[in-house]
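So the structure is just underneath, and the comments pick up after that.
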Amino acid sequence: DAGITQSPRHKVTETGTPVTLRCHQTENHRYMYWYRQDPGHGLRLIHYSYGVKDTDKGEVSDGYSVSRSKTEDFLLTLESATSSQTSVYFCATESEGQGSDEQYFGPGTRLTVT
Amino acid sequence: TQLLEQSPQFLSIQEGENLTVYCNSSSVFSSLQWYRQEPGEGPVLLVTVVTGGEVKKLKRLTFQFGDARKDSSLHITAAQPGDTGLYLCAGAPGRDDKIIFGKGTRLHILP
Chain A
1401 DAGITQSPRH KVTETGTPVT LRCHQTENHR YMYWYRQDPG HGLRLIHYSY GVKDTDKGEV
1461 SDGYSVSRSK TEDFLLTLES ATSSQTSVYF CATESEGQGS DEQYFGPGTR LTVT
Chain B
681 TQLLEQSPQF LSIQEGENLT VYCNSSSVFS SLQWYRQEPG EGPVLLVTVV TGGEVKKLKR
741 LTFQFGDARK DSSLHITAAQ PGDTGLYLCA GAPGRDDKII FGKGTRLHIL P
């Protein structure tokens, strides 16, 4: 258990509003990831971070931005939420040097955009 | 696009039966991971297989990595209702590639 928490766990917001989701880890893992999970699509990578202030885009990054100012926190922002961003969002971490791509997931945030 | 294809998509069986689910790709993977996800929770890592032909056992669960490291299987012996969940396989095709996930097998064990 990598000690990963996500907040909020549930959120309902209106189209066009900004939304920020937070991921917090206590394991000092170097890598952090944001995924979205949708029926029929599985888990898709939005953005990832390989260190403080080092981030990069994933497969479905349009409409999302991230920031990592501290090792333990990784924020995902929807600048102007759209209904297509209704999803369950998962944060994951990965320790450097394991060499086996093992990820540890948070409990998820269910976001509904109306 | 490198894909991990999982089959079957859905499986519903009676408690006590055996089952096998599959994870296949046309690409070679340096390792594959299996996760289980229960409703309302994040995926939880079950096992990593690294060596072609490797077999790992976790109580009633047996994981196998194909000899060519392109596929993997998960066999459950005497399934129990607690095995119900979404089983995901994942892996990175190359050392510097990001991990990709299969869409999963949704398993339901009937008591």
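Keeping their order, the protein sequence lines are chains A and B.
Numbering-wise (my numbering), the first sequence opens with residue 1401 and increments by one.
Numbering-wise (my numbering), the second sequence opens with residue 681 and increments by one.
For each residue, glycine too, the CB sits at the ideal point set by N, CA and C.
At the 8 Å Cβ level, is Y1504/A part of the contact set with chain B, yes or no?
Chain B contact via Cβ: present.
Using the beta-carbon count (16 or more within 10 Å), is S1484/A buried or exposed?
With fewer than 16 Cβ atoms within 10 Å of its Cβ, S1484/A is classed as exposed.
What are the start and end residues of the beta strand (DSSP E) that includes R1444/A?
DSSP places R1444/A inside the beta strand (DSSP E), whose first and last residues are 1442-1451.
Under 8 Å between C-beta atoms, does F1474/A make it to chain B?
Chain B places no beta carbon closer than 8 Å to that of F1474/A, leaving this residue out of the contacts.
Chain B contacts made by the region 1422-1449 of chain A, where a contact means CB separation under 9 Å
Here the close residues are Y1433, Y1435, Q1437, G1440, H1441, G1442, L1443, R1444, L1445, Y1448.
I'd like the span of the beta strand (DSSP E) that includes H636/B, first residue to last.
For residue 636/B there is no data in the structure shown, the boundaries of chain B being 681 and 791.
How is S1483/A classed by DSSP in three states: helix, strand or coil?
Helix, per DSSP.
Please indicate yes or no: does the CB of V729/B lie closer than 7 Å to some heavy atom of the ligand FMN?
Questions concerning the ligand FMN fall outside what the structure shown contains, since it holds no ligand whatsoever.
Under the rule that 16 or more other beta-carbon atoms within 10 Å means buried, what is A748/B, buried or exposed?
Exposed, because fewer than 16 other Cβ atoms sit within 10 Å of the Cβ of A748/B.
Check D1438/A in the structure and name its three-state DSSP category.
In the three-state reduction of the DSSP assignment, D1438/A falls in the strand class.
Runs of beta strand (DSSP E) lying entirely within the region 707-745 of chain B, each at least 3 residues, in chain order:
For the region 707-745 of chain B, whole beta strand (DSSP E) runs of length 3 or above, ordered along the chain, are 712-717, 724-729, 735-738, 741-745.
L725/B CB to nearest chain A CB: under 8 Å?
It does: the Cβ of L725/B has a partner Cβ on chain A nearer than 8 Å.
Answer yes if the region 733-753 of chain B comes into contact with the region 698-714 of chain B, meaning at least three C-beta pairs across the two stretches below 8 Å, and no otherwise.
Two segments are said to touch when three or more pairs of C-beta atoms, one from each, lie closer than 8 Å; by this definition the region 698-714 of chain B touches the region 733-753 of chain B.
Can you tell which of Q689/B, I789/B, E697/B, V708/B has its C-alpha closest to the C-alpha of D777/B?
Across the set Q689/B, I789/B, E697/B, V708/B, the C-alpha of V708/B shows the shortest separation from the C-alpha of D777/B.
Going along chain C in order, which residues have a C-beta closer than 7 Å to the C-beta of F781/B?
Reference to chain C is not applicable here, since the protein chains of this structure are A and B.
Are G771/B and Q686/B close, meaning C-beta to C-beta below 8 Å?
No, they are not a contact pair.
Less than 8 Å between CB atoms is the rule here; does E721/B satisfy it with respect to chain A?
Using a Cβ-Cβ cut-off of 8 Å, E721/B counts as an interface residue toward chain A, since at least one Cβ of chain A sits closer than that to its own.
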